[in-house]
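Contents: one structure, followed by commentary.
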Amino acid sequence: MKRKILFLVLGSLVIGLGALIFFKTKDNGNTLVRIKGRKITLEEFQVRITEIPAYYQGFLATHNGKIELLNGMIAEAVLIQKAKEEGLHRKEEIRRMLKNVEDRILLEAIVQELQKDRIAVSDEEVKEYLEKNEEKFANPEQVRISHILLKRKSEAKKILNELREGANFEKLARKYSIDSITAPRGGDLGYIFRGEMIPAFEEAAFALENRNDISPIIETPFGYHLVKLTGRKKMRKKTPEEIDSEIRTRIQNEKLDRLMEKYKKESMVSVNYDLLDKVSVGIQSESKGETKNEEGKSKKP
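In this text, residue positions in the sequence shown follow this note's numbering: the first is -3, and each later residue adds one.
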């Protein structure tokens, strides 16, 4: 248990903002530990207890639990002191990371301030928005599809014939599809909404009526597709809670957009779009002739 608590405390150096700094509090006789001019106060210790997962709280209520948590905080403080003695806080990489942390804290703080008043959403605003846009609040129809993407129409014709003769779609997708993202999973693209895909591809997908139906050959800028319907979710009306949450988010985003335009003007923001267009963010896959985005997701439908 001791090692687990220590790891939880030291781990918070990496994954939690709260552990990156100590509170600057008045002593008032509440100092638990002094370390080369640095101190750990009772207030800091109590705050740290709240940051430990709930399933450890029972142990932390004991004397031994408190000792182990405090030892973890002491280890943290000693390591921070050692890092400063070795000048790590002056390294450019560390300074940049600290600046990023500071920026994240400030962003979180300003968003919380904005949500209190400037982009707050009232019940009356939600009601008015719903009255004007009630038809929008239904979960649209979705279809789950798999596809095989091929370079040449002749290949697509050959594979379509095989499928009509009973060949396994998933096996053919793994063997022949040039979409390296979906091929390993048998061509599965998951569920899609209308408006997500290239029109020709989308129209063919939603035109399929029954599970396991296969489309005719579809031509897009990416090549030739064969699409299989594997599932369908019909349109359903959202619950009142879902609607309320979605409306509040929409109104809040609209208010934030207007506020951001105002702030941008005040900050005299200027963008060099010519330079922006020169930035390359795609990775070309030589084996598949495919462009991926920064997250490694295929840009193909």
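Quick reminder that beta carbons are idealized off the backbone N, C-alpha and C, glycines included. Because the structure is a prediction, the values reported are computed rather than measured.
The alpha carbon of residue 69 has as its nearest neighbour, out of 103, 93, 94 and 34, the alpha carbon of 34. Sixteen is the threshold: when 16 or more other Cβ atoms of the shown chains lie within 10 Å of the Cβ of residue 143, as they do, the residue is buried. With contacts defined as CB atoms closer than 8 Å, residue 190 and residue 136 qualify as a contacting pair.
Contact between residue 139 and residue 228 holds, since their C-beta atoms are separated by about 5 Å, short of 8 Å. A Cβ-Cβ contact shorter than 8 Å links residue 183 with residue 165. Bounds of any alpha helix (DSSP H) do not take in residue 85, whose DSSP letter is neither H nor E. The C-alpha of residue 273 is placed about 45 Å away from the C-alpha of residue 77.
Your pair residue 65 and residue 56 checks out as a contact, with CB atoms roughly 6 Å apart and the cut at 8 Å. Counted as a single uninterrupted DSSP element, the alpha helix (DSSP H) harbouring residue 237 occupies residues 236 to 262.
Distances from the alpha-carbon of residue 205 to those of 225, 159, 75 and 96 put 225 closest. Between the stretch 119 to 133 and the stretch 258 to 275, the count of C-beta pairs closer than 8 Å stays below three; the two stretches do not touch.
The alpha carbon of residue 251 has as its nearest neighbour, out of 44, 86 and 121, the alpha carbon of 121. In the DSSP assignment, residue 204 falls outside any beta strand (DSSP E), carrying neither H nor E. Taken through DSSP and simplified to helix, strand or coil, residue 95 comes out as helix. Contact annotation, residue 223 with residue 141: C-beta distance approximately 5 Å; criterion of less than 8 Å satisfied.
Within 10 angstroms of the beta-carbon of residue 219 lie 16 or more other beta-carbons, which makes it buried.
Residue 133 is positioned such that its CB atom lies closer than 8 Å to that of residue 242. Judged by their CB atoms, residue 31 and residue 73 are nearer to each other than the 8 Å cut-off. Counting the other CB atoms within 10 Å of its CB gives residue 221 a total of 16 or more, which places it among the buried residues. The residue from 53, 49, 50 and 63 with its alpha-carbon nearest to that of residue 38 is 63.
In the structure shown, the three-state DSSP call for residue 186 is strand.
Secondary structure at residue 37: strand, using DSSP grouped into helix, strand and coil. Residue 240 and residue 232 have their C-alpha atoms roughly 16 Å apart. The alpha-carbon of residue 151 is positioned some 23 Å away from that of residue 203. Distance check between residue 117 and each of 86, 149 and 248 places 248 closest, using alpha-carbon atoms only. Using a Cβ distance threshold of 8 Å, residue 147 and residue 174 count as a contacting pair.
If you draw a straight line from the Cα of residue 108 to the Cα of residue 96, it is about 18 Å long. Annotation: residue 160 to residue 201 spans about 17 Å, alpha carbon to alpha carbon. Annotation note: the stretch 24 to 78 contains the following uninterrupted alpha helix (DSSP H) runs of length 4 or greater, listed N- to C-terminal: 38 to 47 and 53 to 56. For residue 173, the three-state secondary structure derived from DSSP is coil.
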